[in-house]
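Student: According to the UniProt record's numbering, the stretch in the sequence shown is residues 1 to 221, in order.
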Amino acid sequence: MPQYLGDGSIEVGVYITQPHDWAENLSLNTQNIEAIKKVILDEFEGWAPELLQFIRHSQNAEFRPLYMLPVGWTWENRPGVTLIGDAAHVMTPFAGQGVNLGMQDAMMLSRAIIKGANSPAPKDALSNEIKSFEKDLFIRAKETATLTNDLRTMFFFSGLLRSVIEQVVLHHCLLSPGFIEIISGKNVTRLPHLLSQVPFLLPHAFRDHILDDVIDEIQFK
Ligand SMILES: Cc1cc2nc3c(=O)[nH]c(=O)nc-3n(C[C@H](O)[C@H](O)[C@H](O)COP(=O)(O)OP(=O)(O)OC[C@H]3O[C@@H](n4cnc5c(N)ncnc54)[C@H](O)[C@@H]3O)c2cc1C
C-alpha cells in the first residue's frame with residue numbers, strides 16, 4: 001500500500017499476518033535493510049514484478065506489529081480527564097481513518113470545553129459536556145473500528161482482486177457516502193439510491209448485479 005508523503009517520498013506498507021513474535025524470532029539485524037527486504041520479498045514470491053519493485057527500491061525497511069483496541073471499546077468517565085485520538089481508539093490502518101477520527105475528536109472536545117466553560121455553572125457543565133463528548137466518541141469510534149475491522153479481513157483474501165476493491169469501496173460508502181465523490185471527483189447523484197439497494201444478505205449473484213451498477217456509476221471500469 002504505497003502512500004505519498006508531504007516531502008514527496010513514498011511510504012510503502014506491506015501487510016502480512018504472522019504470530020506476534022515472528023519478526024523478533026527472525027533475529028535479523030535491524031540495520032540490515034537488504035536482509036529485511038529479502039524476508040518481505042520471499043513472503044510475496046510470485047506477485048507481479050511491478051508491485052515488487054516498491055519493495056526492491058525501498059531505501060529503508062522495518063517490521064512493525066499493528067495493534068488495535070477491541071471494536072466498541074469504552075471506559076468509565078473519570079472527572080478531570082478524557083482521551084482522544086489513538087489513545088482512545090487505536091485501530092489498524094485498513095480504513096485510513098485514524099487521523100481523521102482523532103482530528104474530529106479534538107474538534108468535538110474543544111466545542112465541549114467551550115460550551116461547558118461558558119455556562120453559568122462551569123464546573124458541573126464541563127463535567128456533563130465531557131460525558132456527552134465521550135458518549136459521542138464511543139459511537140463514532142465504534143463505527144470506524146467496525147469499518148476498519150471489516151476491511152482488515154478483506155485485505156487478507158484469496159480470489160479476484162476486483163471483487164475485493166468493490167467491497168472495500170462499498171464499505172467506505174456505507175459509512176460515509178461522500179467518500180466516493182471525494183475519490184472520484186464526480187457528483188454521483190444515483191449512488192445513495194444504489195447503495196440502499198445493496199442486499200448484503202442475498203446470494204452473491206444478485207448482489208453482483210447491483211454492485212456492477214454502482215461501479216458503473218462511479219466509472220471505476
Ligand atoms: C501504517 C499506518 C498507516 C496509517 N494510515 C493512516 C491514514 O492513511 N489515514 C489516517 O487517518 N490514519 C492513518 N493511520 C493512523 C494514524 O497514524 C493515527 O491514528 C494517528 O497518528 C493518531 O494520532 P495521535 O495523535 O492520537 O497519536 P500518535 O500519532 O501516536 O501521537 C502520540 C504522541 O505521543 C507521544 N508520546 C507517547 N507517550 C508519551 C509520553 N509518555 N510522554 C510524552 N509523549 C508521549 C508519542 O511519541 C507520539 O508522538 C495510520 C497508522 C499506521 C500505523
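Each residue gets a CB set at the ideal place from its N, CA and C atoms; glycine is no exception. As the structure is a prediction and not an experimental result, all values here were calculated from the model.
So, at 6 angstroms on beta carbons, what are the nonlocal neighbours of residue 1 in its own chain, with the 5 sequence-adjacent residues on each side left out?
Tutor: 13
Student: Alpha carbon to alpha carbon, how far is residue 17 from residue 91?
Tutor: 16 angstroms
Student: Under the three-state reduction of DSSP, which class applies to residue 62: helix, strand or coil?
Tutor: Looking at residue 62 - three-state DSSP - the assignment turns out to be coil, as it is neither helix nor strand.
Student: Secondary structure at residue 84, three-state DSSP: helix, strand or coil?
Tutor: coil
Student: From the DSSP output, read off the bridge partner residues of residue 11.
Tutor: 3
Student: Express the C-alpha separation of residue 22 and residue 167 in angstroms, rounding to a whole number.
Tutor: 30 angstroms
Student: Determine the direct distance from the alpha carbon of residue 121 to that of residue 107, and round the result to whole angstroms.
Tutor: 22 angstroms
Student: Once DSSP output is grouped into helix, strand and coil, what is the label at residue 16?
Tutor: coil
Student: Pick from 95, 24, 51: whose alpha carbon is nearest that of residue 62?
Tutor: 24
Student: So does residue 98 have its beta carbon nearer than 7 angstroms to some heavy atom of ligand 1?
Tutor: Checking every heavy atom of ligand 1 against the Cβ of residue 98, one is found closer than 7 angstroms.
Student: By how many angstroms is the C-alpha of residue 124 removed from the C-alpha of residue 78?
Tutor: 13 angstroms
Student: Is residue 88 closer than 8 angstroms to residue 52 when the C-beta atoms are compared?
Tutor: no
Student: Quick check: what's the CA-CA separation for residue 224 versus residue 74?
Tutor: Outside the modelled stretch of the chain, which goes from 1 to 221, sits residue 224, for which no answer is possible.
Student: With respect to 7 angstroms, is the separation between the Cβ of residue 141 and the closest non-hydrogen atom of ligand 1 below this value?
Tutor: no
Student: Considering only residues of the same chain and omitting the five flanking positions on each side of residue 151, which have a CB-CB separation below 7 angstroms?
Tutor: 94, 95, 168, 171
Student: For residue 54 and residue 6, I'd like the C-alpha separation in whole angstroms.
Tutor: 18 angstroms
Student: Taking DSSP as the reference, what is the three-state secondary structure of residue 199?
Tutor: Note that residue 199 has pLDDT 45, beneath the 50 cutoff, so the model's placement of it is unreliable and the number below is only indicative. In this structure, residue 199 counts as coil in the three-state DSSP scheme.
Student: For the putative contact between residue 20 and residue 65, defined by C-beta atoms under 8 angstroms, what is the C-beta separation to the nearest angstrom?
Tutor: 6 angstroms
Student: Using the C-alpha atoms, what's the distance from residue 103 back to residue 258?
Tutor: No answer is possible for residue 258: the residues shown for the chain start at 1 and end at 221.
Student: Would residue 112 be called buried (16 or more neighbouring beta carbons within 10 Å of its own) or exposed?
Tutor: Buried, by the Cβ-count rule.
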